[in-house]
Amino acid sequence: GAVVSQHPSWVICKSGTSVKIECRSLDFQATTMFWYRQFPKQSLMLMATSNEGSKATYEQGVEKDKFLINHASLTLSTLTVTSAHPEDSSFYICSAPIGEQFFGPGTRLTVL
Amino acid sequence: GQQVMQIPQYQHVQEGEDFTTYCNSSTTLSNIQWYKQRPGGHPVFLIQLVKSGEVKKQKRLTFQFGEAKKNSSLHITATQTTDVGTYFCAGGGGTSYGKLTFGQGTILTVHP
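In the order they appear, the protein sequences are chains A and B.
The opening residue of the first sequence carries number 1491 in the working numbering; numbering runs sequentially from there.
The opening residue of the second sequence carries number 31 in the working numbering; numbering runs sequentially from there.
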């Protein structure tokens, strides 16, 4: 099946810093990618839809200025958590749809 | 907006017992997908159901899509310890390609 990679797999940062997470489709092109956040033992909450060549579409309640999404090419979308705070600590997962959704392995963010 | 409710939230079974998780959508779905997430891992696609009343089987797993395309179930016969994880249903039906609404998930624990 299709492969989606994510980098880094985990990151620890200080409060107030920014963190960039990359999501790549390795063997297919993805005009659309999705970014989710998942807290422990909870479901996946869709944060935004990343659209290649245009602005991302954010879900209600997600701050677009805090979670910057860039979909610069057909194989790469990035999520930047700006001025991270401890409450932003979570598991961030991207996915790309080809009928079904192929998920990246996720990035565990810990903000101290 | 579309909401997908999933029950139960937790299920503990003895190895060999059966297991069922149920999903119910507030709106008619175009399709429903099922995913499994192992502890510490990312969601992995299991199956997609599209047709009203559809039933699909994968070895010990049986998936059903309701006649009204608003509910679905996943049944596992004779659970094994390898079945542990969280099972999510995800409903499609929005205007955005590939956009899914995930249920809360059912965390399955299998005791040997």
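We put the CB at the ideal spot given by N, CA and C, even for glycine.
Integer-rounded CB distance, given that residue j should sit under 8 Å from residue i
i, j, result
"L138 (chain B)", "F75 (chain B)", "With a Cβ gap of about 17 Å, L138 (chain B) and F75 (chain B) do not count as contacting."
"Y1526 (chain A)", "L1536 (chain A)", "6 Å"
"Q32 (chain B)", "T131 (chain B)", "5 Å"
"S1644 (chain A)", "F1524 (chain A)", "A query on residue 1644 (chain A) cannot be resolved here, the shown segment of chain A reaching from 1491 to 1602 and no further."
"Q134 (chain B)", "Q39 (chain B)", "6 Å"
Residue i at chain B interface by Cβ criterion, 8 Å
i, result
"T1600 (chain A)", "no"
"P1576 (chain A)", "no"
"K1531 (chain A)", "yes"
"T1522 (chain A)", "yes"
"L1558 (chain A)", "no"
"P1587 (chain A)", "yes"
"T1539 (chain A)", "yes"
"L1534 (chain A)", "yes"
With 16 other Cβ atoms within 10 Å as the buried cut-off, status of residue i
i, result
"S102 (chain B)", "buried"
"A1562 (chain A)", "exposed"
Within-8 Å CB hit, residue i to chain A
i, result
"G115 (chain B)", "no"
"F132 (chain B)", "yes"
"Y52 (chain B)", "no"
"I106 (chain B)", "no"
"I37 (chain B)", "no"
"G135 (chain B)", "yes"
"K129 (chain B)", "yes"
Interface residues of chain A facing residue i [CB-CB closer than 8 Å]
i, result
"Q63 (chain B)", "E1590, Q1591"
"Q44 (chain B)", "The premise fails here: Q44 (chain B) is roughly 22 Å from chain A at the closest Cβ pair, so nothing lies under 8 Å."
Partner residues on chain A for residue i, Cβ-Cβ distance less than 7 Å
i, result
"H72 (chain B)", "I1583, F1593, G1594, P1595, G1596"
"L49 (chain B)", "For clarity, residue 49 (chain B) is Phe in the given sequence; the question names Leu instead. What F49 (chain B) touches in chain A: nothing, since even the nearest Cβ is about 18 Å away."
"F93 (chain B)", "By Cβ distance, chain A contributes nothing, its closest Cβ being about 13 Å from F93 (chain B), past 7 Å."
Amino acids of chain B, ordered along the chain, whose beta-carbon sits closer than 7 Å to that of residue i
i, result
"L1516 (chain A)", "Those within 7 Å of L1516 (chain A) in chain B number zero; the least Cβ separation is about 15 Å."
Contact list for residue i against chain A, beta-carbon separation under 9 Å
i, result
"Q78 (chain B)", "G1589, E1590"
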